[in-house]
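2 protein chains.
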Amino acid sequence: MSAVEVVALTGGIGGAKLALGLHRVLPPGALACIVNTGDDFVHLGLHVSPDLDTTLYTLAGCESPEQGWGRRDETWTFMRALGELGGETWFRLGDGDLALHVERTRRLATGETLSAIMDDFRRRFGIASRLLPMSDDTVATRVHTPDAELAFQDYFVRFRAAPEVRAIEFAGASTSRTSVALAEVLGSSRLRAIVVCPSNPYLSIDPILAVRGLAAALRAPGVPVVAVSPLIGGRAVKGPTAKIMRELGIEASNRAIAAHYGDLLDGLVIDESDRSAELPQGLPTRASHTLMKSLDDREMLARATLEFADHLRRRA
Amino acid sequence: MSAVEVVALTGGIGGAKLALGLHRVLPPGALACIVNTGDDFVHLGLHVSPDLDTTLYTLAGCESPEQGWGRRDETWTFMRALGELGGETWFRLGDGDLALHVERTRRLATGETLSAIMDDFRRRFGIASRLLPMSDDTVATRVHTPDAELAFQDYFVRFRAAPEVRAIEFAGASTSRTSVALAEVLGSSRLRAIVVCPSNPYLSIDPILAVRGLAAALRAPGVPVVAVSPLIGGRAVKGPTAKIMRELGIEASNRAIAAHYGDLLDGLVIDESDRSAELPQGLPTRASHTLMKSLDDREMLARATLEFADHLRRRA
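Line order of the protein sequences matches chains A and B.
If you want my numbering, it's the 1-based position in the first sequence plus 6.
If you want my numbering, it's the 1-based position in the second sequence plus 6.
Rendered as structure tokens:
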């Protein structure tokens, strides 16, 4: 029987911060993260899963605080040697980080699912929380710009999210399936909340929601679905959320975030500083301190989000 | 037109020492090494070519003098991280070394030949000498022991060459082909000698000679073929040559080495200390200092071997 109480939808760094907060304030095994794999790509012949790995490293406490991605105490001998061989070095893979990619690629080639491999990895990292790829099928985020249709990492890393976004596509989503593990955690009798982390809604959460049947599966348990807004004062803490909203002709506001998620949400956590701004219509909000600088910030926001969800559940 | 004057057949560390001597005493571009790929294997999903890489690193001057294999100034972050993931760590791959394997694997998957990839690599390492895989086809050395038929690296690295050798097989040899580049260097109008380096005859040189048509191609140019014996006083400097000879019921002697290579050879370079031992019948020998400790030793042995070959050519 699943001990999962909270399911969190998360992408990269911003989402992983709240996931860590939830991981720390909940009992061991009570958190399951559904992680975006729309950024996954094959690079140098290796299967790279940026958001899964960021979540893994963050929950294990071995993420690099300076970079925001990759591992702490990393070495870079491989990249230097690869550069000398004329290999592609625009996507930085640290020596320790490489172990994940090589071993994941090897195991995928033997027919193991990404879900099974990541479940083994998180156990080996000593993480009690579950770590679930949004799907074991390939769903590839593609960014349409005025000049080209770009693979996600080309847009995000190679071109540093500079090109104007006209549209975002999740190739393969319509035929993708959720995993058995995902159905299992959403069927947990202890489930009390589903949290949409403050990841980029367009690039990190939307691909998750695009997996066939996943959005409906999130509503099925009947527990509150609460998002934490990625905006503070109409700006993203990090990353191109606000820039993309402007490019898509959407106002960078909590109202727009609420409208974007629509019926999925039962509530939205916004930053205290946005209390006085125009609030979403017809959606409960809870103001909290959403800028997560310290570990305390992460835990406090996690608690506030869970309290809000519990409040919504009692009210329902 | 090929500027190649000398073709050297070589395997791992011992052979690479003489190859380096030849590389240093010959004009740039005058040496071509035909390298054993019978030890190549797919490990962690990566195409590893131990002897090609040892030759590459040695000629580039970036080999690890302590280990005898791999790169100088190597880091080991990948292996540590792989071990933490439960990956296979019996075959040690350094972080810098890994760049060769990842990039080679990636390029092979695009359809490039091993010959073309290694030719690019040696240029990028600034090596004027040619570096030719014995074949672009898979030829796998397999070691028959009383208990099992072992893949080469299992025998050599995992079991440290401890099992008794009953027979050695080169799977795929009968259908393998020599490369265009190999035919080109053997067709060089400047060719003056073919040198069989003091690598293990059974494990490193025999796979080369087993490639279909290769042994005949070595005789075709009509230049002297001279081997440097891997034995000194009936013992190998390093590695299991003498042990394997005993296990195969062969006396560990220069006579047996000469008999093993048979008609291929026009001469055998033996160690000075073996002058008084029984010499091969009907095969010219030249005594020299064959223990290569210093760079000077390597160059002196290279010069002595070439002088011997030139002497045989004039006499012919």
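In this text, a Cβ means the ideal position worked out from N, Cα and C, and glycines have one as well.
Check: Members of the segment 105-129 of chain B that neighbour chain A once the beta carbon cut-off is set at 8 Å; Outcome: Ala105, Leu106, Val108, Glu109, Thr111, Arg112, Ala115, Asp126, Phe127
Check: B/Pro71 burial status per 10 Å Cβ neighbour count (16 or more: buried); Outcome: exposed
Check: B/Ser121: first and last residue of the uninterrupted alpha helix (DSSP H) it sits in; Outcome: 120-130
Check: Under 8 Å from the C-beta of A/Gly102: neighbouring residues of chain B; Outcome: Thr83, Phe84, Arg86, Ala87
Check: Top-ranked residue by Cα proximity to A/Cys39, from A/Ser135, A/Arg164, A/Ala146; Outcome: A/Ser135
Check: Environment of B/Asp302 [buried if 16+ CB atoms lie within 10 Å]; Outcome: exposed
Check: Rounded distance between the beta-carbons of A/Glu80 and B/Thr83, thought under 8 Å; Outcome: 7 Å
Check: Selection of the segment 34-66 of chain B by Cβ proximity to chain A, strictly under 8 Å; Outcome: Leu50, Gly51, Leu52
Check: Chain-order list of residues whose beta-carbon lies under 8 Å from that of B/Leu297 (same chain, five-residue window excluded); Outcome: Ile238, Val243, Asp277, Asp303
Check: Span of the beta strand (DSSP E), counted from its first residue to its last, around A/Glu155; Outcome: 155-157
Check: A/Phe158 beta carbon less than 8 Å from that of A/Asp332; Outcome: Outside the displayed span of chain A (7 to 322) sits residue 332 of chain A, for which this structure offers no information.
Check: Given 8 Å, three or more beta-carbon pairs between the segment 160-173 of chain A and the segment 264-274 of chain A; Outcome: no
Check: Collapsed DSSP secondary structure at A/Leu37 in the structure displayed; Outcome: strand
Check: Identity of the residue in A/Ala293, A/Ala154, A/Gly240, A/Gly228 nearest A/Glu11 by Cα; Outcome: A/Gly228
Check: Stretch-stretch touch, CB-based, cutoff 8 Å, three pairs: the segment 142-161 of chain A with the segment 106-117 of chain A; Outcome: no
Check: A/Leu137 at chain B interface by Cβ criterion, 8 Å; Outcome: no
Check: When A/Asp160, A/Glu313, A/Thr60, A/Pro207 are compared against A/Ala262, the one with the closest alpha-carbon; Outcome: A/Pro207
Check: Simplified DSSP state of B/Thr95, which is helix, strand or coil; Outcome: coil
Check: Rounded separation between B/Ala330 and A/Ile256 - CA only; Outcome: This structure cannot settle anything about residue 330 of chain B, because the visible part of chain B is limited to 7 through 322.
Check: Exposure of B/Pro230, with buried meaning 16 or more beta-carbon neighbours within 10 Å; Outcome: buried
Check: Whether A/Ala216 touches A/Val145 by CB criterion (8 Å); Outcome: yes
Check: Chain B within 8 Å of A/Leu91, Cβ atoms only; Outcome: yes
Check: A/Pro236 (DSSP reduced to helix, strand or coil); Outcome: coil
Check: Identity of the residue in B/Ser121, B/Arg110, B/Gly76 nearest B/Gly102 by Cα; Outcome: B/Gly76
Check: Same chain, Cβ closer than 6 Å to B/Gln73, neighbours up to 5 away in sequence not counted; Outcome: none
Check: Within chain B, partners of A/Glu80 - CB distance below 8 Å; Outcome: Thr83
Check: For A/Gly273 and A/Ala264, the rounded distance between their alpha carbons; Outcome: 9 Å
Check: Unbroken beta strand (DSSP E) run spanning A/Thr291, endpoints; Outcome: 291-294
Check: Of the listed residues B/Leu28, B/His107, B/Val171, B/Val232, nearest to B/Phe47 (C-alpha basis); Outcome: B/His107
Check: Cβ-based neighbour list, B/Thr151, same chain, cut-off 8 Å, excluding 5 preceding and 5 following; Outcome: Tyr161, Pro169, Glu170, Val171, Arg172
Check: 7 Å Cβ shell around A/Leu28 - same chain, five flanking residues per side excluded; Outcome: Val12, Ala14, Leu37, Val201, Ala308
Check: Counted within 10 angstroms of its Cβ, other Cβ atoms place B/Pro33 as buried (16 or more) or exposed; Outcome: exposed
Check: C-beta contact flag for A/Gly92 and B/Arg130 at 8 Å; Outcome: yes
Check: Helix, strand or coil at A/Glu284 [DSSP, three-state]; Outcome: coil
Check: Residue ranges of each beta strand (DSSP E) within the segment 184-253 of chain A, 3 or longer; Outcome: 199-202, 231-234
Check: Cross-strand partners of A/Glu349 (DSSP beta bridge); Outcome: As displayed, chain A neither begins before 7 nor continues past 322, which places residue 349 of chain A out of reach and without an answer.
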